[in-house]
Ligand code: PMP
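In the UniProt record's numbering, the protein residues as written are 3 to 296.
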């Protein structure tokens, strides 16, 4: 993603990517004790716009707060710096990756210092633009009693990598993880919605990562008069659904073709997911007047 000409933001300064350094004796490197965000910038009719950047930086602050990583930065300034970073890199649309890493410390004690790094690069939809094939993963989301599920802590992603690797090795595109009680939780890095008899269902907050795209979908559904029920979903309900889709910043909204050997029969274009997908695209590209819900 990075050439020598790429600018990155590190603690108040813009540096060339190959000049930026991190401490090899940071807990982040050894223990995965760091926090990340993923934000998209869209090339809209009104210029380059970060989508819900304030919510993403607020969530990064909360992720750090959950695990005791200092976060002494103001959201508004981080948003400003992100726009400057995009400009310096001539990026009109981009995926933006803020990362908070901790300073020197080899003990299992809370970090005393931290650094914020922001990088950005051009990135197409994470899971492509077609329909995807899901599989129920043998892996489960970490229980809320082991790590706060709403915290975007780097170490959580080892579980996502392991689950995705297992799913793709069996020929699927993405893994669906159950929670510690056996209910459907989410995909390895996306939230899930299913459609059944004209109503959308999605797992409730508690065991899932509360995606900003998920929240946006709930708001869009409200504007579009689509009923959504947040409730624990059994694997059988996922398979008995009329259709399903995943949501996430990197992914956007992507339709599901099948779950294991269950193929959804409804044509994607006729699903509520397709309607939401169009509305989300219009919202992020500022194409239609959805301002009312921003
Ligand atoms: N779950 C996980 C584990 C994720 O990493 C992400 C992406 N950040 C999501 C869900 C979707 O969240 P969002 O819509 O805020 O990108």
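Cβ atoms here follow ideal geometry from the backbone N, Cα and C, with glycine treated the same way.
The beta-bridge partner set that DSSP reports for residue 210 is empty. Around the beta carbon of residue 127, fewer than 16 other beta carbons lie within 10 angstroms, which makes this residue exposed. DSSP, read as helix, strand or coil, puts residue 56 in helix. With the rule of 3 Cβ pairs closer than 8 Å, the region 69-77 does not count as touching the region 3-12.
Taking a C-beta distance under 8 Å as the contact criterion, residue 273 and residue 197 qualify as a contact pair. By the CB criterion at 8 Å, residue 110 and residue 256 fall outside the cutoff.
In this structure residue 242 is exposed. Its beta-carbon is surrounded by fewer than 16 other beta-carbon atoms within 10 angstroms. In the three-state scheme derived from DSSP, where H, G and I count as helix and E and B as strand, residue 75 is classed as coil. Closest option to residue 17, judged by alpha-carbon separation, among 87, 279 and 249: 87. For residue 265, the closest C-alpha among the options 93, 15 and 136 is that of 136. Ranking 192, 172 and 173 by CA distance to the CA of residue 179 puts 192 first. Here DSSP, grouped into helix, strand and coil, assigns residue 46 to strand. Set against 7 Å, the gap from the CB of residue 251 to the closest heavy atom of the ligand PMP is smaller. CA-to-CA, the gap between residue 6 and residue 207 works out to about 42 Å. In this structure, the C-beta of residue 63 stays at least 7 Å away from each heavy atom of the ligand PMP.
For residue 30, the CB contacts under 6 Å within the same chain, skipping 5 residues up- and downstream, are 36, 103 and 104 in chain order.
If you check the CB distance, residue 275 and residue 174 do not come in under 8 Å. The straight-line gap separating the alpha-carbon atoms of residue 280 and residue 139 is approximately 29 Å. Between residue 43 and residue 93 a beta carbon distance of about 7 Å is seen, short of the 8 Å cut, so the two are scored as contacting. Taken through DSSP and simplified to helix, strand or coil, residue 103 comes out as strand. Residue burial annotation: residue 106 is exposed, with fewer than 16 other C-beta atoms found within 10 angstroms of its C-beta. Secondary structure at residue 185: coil, using DSSP grouped into helix, strand and coil. In chain order, 43, 84, 87, 88, 91, 93, 96, 97, 98 and 99 place their CB closer than 8 Å to the CB of residue 122, counting only its own chain and leaving out the 5 sequence neighbours on each side.
For residue 279, the Cβ stays outside the 7 Å cut-off from all heavy atoms of the ligand PMP. Residue 151 and residue 252 have their C-alpha atoms spaced approximately 19 Å apart.
Of the candidates 59, 146, 189 and 68, 189 places its Cα closest to the Cα of residue 164. The beta carbon of residue 213 sits closer than 7 Å to at least one heavy atom of the ligand PMP.
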